[in-house]
């Protein structure tokens with residue numbers, strides 16, 4: 001059985017889905033982040049001065065790019081897979097000889113591609129406001145892909161366990177967004193009191209944003225190796241959990 | 001090798017409901033097989049397990065010799081399913097629904113396009129290939145599901161109430177399509193509540209009730225068990241009341257229409273002799289198509305009573 005064709009079919013379907021609804025998927029992050037750069041970077045940032053040797057605009061660009069990658073890779077998989085469950089066309093895949101790992105990798109790849117595409121759009125918008133010279137492109141690219149992978153997997157698990165459309169908005173609204181904002185997008189954790197610094201170090205998004213910032217402008221609050229180890233470890237755990245859910249048929253089979 | 005072999009299949013749901021209590025079933029290759037039963041009897045659970053949509057509790061299922069547990073991919077590639085309810089993405093086009101399904105079965109792009117075209121033409125949907133599926137009529141949606149189920153050329157096609165809710169004209173055209181598919185060598189398992197449909201299409205039949213197979217035989221043998229045939233007679237002249245003829249139960253259902261229960265041991269000749277003597281002229285005669293329904297109800301009633 002040629003599973004590569006099934007994989008390509010799922011990925012192509014996913015790409016076609018989010019491109020078809022581009023006013024909902026690709027345009028909003030461009031507008032929102034342009035406003036972030038204009039208001040926080042240009043208007044307010046001009047009065048803040050430098051953080052860790054970087055201008056405020058340069059400092060917030062990596063975090064805003066990665067925040068878009070996180071939210072869109074997650075949103076793509078959670079909405080697509082939950083809709084597939086809701087409309088019951090998940091049965092098309094369950095009836096066919098498609099192994100669970102192909103289903104998972106197909107949907108996660110769709111999330112990664114959308115995350116990276118949105119990240120690229122936001123990066124292009126940032127060029128209108130900042131002239132960053134990328135310091136460590138391999139670090140930046142690899143942490144961006146790993147982050148998109150991790151949050152695509154998280155979106156997949158959310159979709160599998162969700163029983164209503166409310167369930168797919170709770171985690172993005174009440175967990176992802178606060179963790180992203182508190183992950184040092186707009187500030188250095190070193191600016192916080194000691195107790196809040198310690199609490200912030202428990203936020204995994206802080207490590208990813210700082211690793212990406214290191215990749216783009218060479219500035220970080222955390223150890224880069226630790227950031228990679230944590231991200232890869234989370235990916236492994238969520239992959240195993242996703243495969244377990246599919247194997248048991250939780251949320252998708254009777 | 002059987003198209004489908006089910007052995008001691010059991011299913012208990014998480015809420016404790018025992019949907020299947022040990023089913024054994026065999027379907028021969030090329031058969032047109034009816035799986036009948038009242039609502040909640042276990043038909044959908046059985047089909048769900050065969051098509052990997054429901055996890056079984058115990059027992060075994062093999063499709064064309066491939067065990068569903070140990071040779072899952074091979075078993076699945078032999079099977080096509082037309083479910084009871086519409087379950088495709090209503091925002092996709094007709095063509096992409098069928099084409100993508102071919103992809104899930106590992107069909108290369110060029111071949112998938114050819115098969116998509118063939119199946120859509122066979123289902124008379126080629127003109128609708130670029131239509132968003134939610135804009136189709138109910139009958140067309142069901143035909144999309146048949147085309148989707150056939151795009152990977154399955155050896156075994158399961159049709160779960162494919163004609164439910166469609167008008168008689170579409171139902172007849174779907175019967176014709178199903179017969180053509182079967183004649184081309186595809187084994188078909190059909191579940192339906194239209195017993196006339198099962199009677200006219202299927203050669204073998206199993207009846208399931210309360211999680212058990214209560215009857216499994218060929219259609220002709222089953223129908224032969226009927227001791228009485230019902231006929232509807234159209235008369236030339238109106239009658240004020242039904243004639244009385246010994247051995248027959250005759251009911252007047254309209255001025256010029258009689259419903260006659262004819263015991264097989266007596267036959268029709270004596271009936272016509274008697275009617276002629278009474279100067280009742282019969283214009284036409286038709287068999288009342290509820291034979292399987294009578295048997296079905298008697299089997300369900302008898303076996304259910306026996307299980308209590």
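Residue numbers (this note's numbering), protein chains in the order written: chain A, 1 to 254; chain B, 1 to 308.
Heads up, the beta-carbon is just placed ideally off N, CA and C, and yes, glycines get one too.
So, residue i versus residue j, is the Cβ gap smaller than 9 angstroms?
i, j, result
"residue 6 of chain B", "residue 46 of chain B", "yes"
"residue 134 of chain B", "residue 99 of chain B", "no"
"residue 61 of chain A", "residue 152 of chain A", "no"
"residue 80 of chain A", "residue 17 of chain A", "yes"
"residue 56 of chain A", "residue 45 of chain A", "yes"
"residue 172 of chain A", "residue 75 of chain A", "yes"
"residue 124 of chain B", "residue 143 of chain B", "yes"
"residue 227 of chain B", "residue 265 of chain B", "yes"
"residue 243 of chain B", "residue 256 of chain B", "no"
"residue 102 of chain A", "residue 10 of chain A", "yes"
"residue 158 of chain A", "residue 166 of chain A", "no"
"residue 217 of chain B", "residue 32 of chain B", "no"
"residue 9 of chain B", "residue 58 of chain B", "yes"
"residue 201 of chain A", "residue 189 of chain A", "yes"
"residue 206 of chain A", "residue 182 of chain A", "yes"
"residue 117 of chain A", "residue 234 of chain A", "no"
"residue 87 of chain B", "residue 50 of chain A", "no"
Leaving out five residues on either side along the sequence, give the residues of the same chain with a beta carbon under 7 angstroms from the beta carbon of residue i.
i, result
"residue 15 of chain A", "110, 113"
"residue 208 of chain A", "66, 143, 147, 227, 231"
"residue 165 of chain B", "138"
"residue 2 of chain A", "none"
"residue 241 of chain B", "252"
"residue 299 of chain B", "207, 214, 215"
Let me make sure I understand the geometry here. Which of the options has the alpha-carbon closest to that of residue i?
i, options, result
"residue 109 of chain B", "A/240, A/12, A/234, A/49", "A/12"
"residue 152 of chain B", "B/214, B/103, B/159, B/131", "B/103"
"residue 36 of chain B", "B/215, B/111, B/128", "B/215"
"residue 25 of chain A", "A/2, A/61, A/59, A/77", "A/77"
"residue 69 of chain A", "A/115, A/124, A/188", "A/115"
"residue 236 of chain B", "B/169, B/30, B/285", "B/285"
"residue 254 of chain A", "B/63, B/56, B/249", "B/56"
"residue 192 of chain B", "B/240, B/206, B/185", "B/206"
"residue 155 of chain B", "B/84, B/95, B/28", "B/28"
"residue 150 of chain B", "B/258, B/101, B/132", "B/101"
"residue 30 of chain A", "A/210, A/122, A/242, A/180", "A/122"
"residue 78 of chain B", "B/4, B/271, B/170", "B/4"
"residue 140 of chain B", "B/94, B/74, B/258, B/252", "B/94"
"residue 8 of chain A", "B/2, B/178, B/107", "B/107"
"residue 163 of chain A", "A/236, A/120, A/139, A/83", "A/83"
"residue 223 of chain A", "A/210, A/242, A/94", "A/210"
"residue 128 of chain A", "A/145, A/108, A/150, A/58", "A/58"
"residue 198 of chain B", "B/117, B/212, B/179, B/76", "B/179"
"residue 76 of chain B", "A/95, A/40, A/52, A/19", "A/95"
"residue 39 of chain A", "A/21, A/52, A/126", "A/126"
Pull up the distance between the alpha-carbon of residue i and that of residue j, whole angstroms please.
i, j, result
"residue 176 of chain A", "residue 71 of chain A", "8 angstroms"
"residue 240 of chain A", "residue 182 of chain B", "43 angstroms"
"residue 21 of chain B", "residue 220 of chain B", "27 angstroms"
"residue 50 of chain B", "residue 176 of chain B", "25 angstroms"
"residue 308 of chain B", "residue 19 of chain B", "Note on residue 308 of chain B: pLDDT 48, under 50, position unreliable in the model; the coordinate value appears next. Answer to the nearest angstrom: the Cα atoms are 16 angstroms apart."
"residue 53 of chain B", "residue 141 of chain A", "39 angstroms"
"residue 39 of chain B", "residue 162 of chain B", "16 angstroms"
"residue 156 of chain A", "residue 27 of chain A", "23 angstroms"
"residue 288 of chain B", "residue 145 of chain B", "32 angstroms"
Which residues in the same chain have their Cβ closer than 8 angstroms to the Cβ of residue i, if we skip the five residues on either side of it in sequence?
i, result
"residue 54 of chain A", "217, 219"
"residue 208 of chain B", "23, 35, 36, 37, 41, 42, 43, 46, 214"
"residue 247 of chain A", "100"
"residue 135 of chain A", "214, 215, 216, 217, 218"
"residue 282 of chain B", "233, 234, 235, 236, 272, 275"
"residue 262 of chain B", "228, 229, 230, 231, 248, 268, 271"
"residue 250 of chain B", "242, 243, 244, 258, 259, 260, 261"
Once you ignore the five residues that flank residue i on each side, which residues in its own chain have a CB closer than 6 angstroms to its CB?
i, result
"residue 98 of chain A", "6"
"residue 88 of chain A", "none"
"residue 81 of chain B", "51, 149, 158"
"residue 36 of chain A", "64"
"residue 65 of chain B", "1"
"residue 126 of chain B", "120"
Are any of the Cβ atoms in chain D nearer than 9 angstroms to that of residue i?
i, result
"residue 2 of chain A", "The structure shown contains no chain D; its protein chains are A and B."
Inset, instruction - Check distances from the C-beta atoms of the stretch 48 to 75 of chain B to those of chain A and list, in chain order, the residues that come in under 9 angstroms. - result: 48, 51, 52, 53, 54, 55, 72, 73, 74, 75
Inset, instruction - Select from the stretch 80 to 110 of chain B all residues with a C-beta closer than 9 angstroms to any C-beta belonging to chain A, and list them in chain order. - result: 80, 81, 83, 85, 86, 87, 88, 89, 90, 91, 92, 96, 97, 99, 100, 101, 102, 103, 104, 105, 106, 107, 108, 109
Inset, instruction - Give, in chain order, every residue of the stretch 7 to 39 of chain B whose Cβ lies closer than 8 angstroms to some Cβ of chain A. - result: Listed by position, the residues of the stretch 7 to 39 of chain B near chain A (Cβ gap below 8 angstroms) are 13.
Inset, instruction - Give, in chain order, every residue of the stretch 81 to 103 of chain A whose Cβ lies closer than 7 angstroms to some Cβ of chain B. - result: 87, 88, 89, 91, 92, 93, 94, 95, 96, 97, 98
Inset, instruction - Could you run through the stretch 261 to 293 of chain B and flag, in chain order, every residue whose CB is less than 7 angstroms away from some CB of chain A? - result: none
Inset, instruction - Return the residues of the stretch 105 to 116 of chain A that lie within a Cβ-Cβ distance of less than 7 angstroms from chain B, sorted by chain order. - result: When CB distances to chain B are screened at a threshold of 7 angstroms, not a single residue of the stretch 105 to 116 of chain A falls below it.
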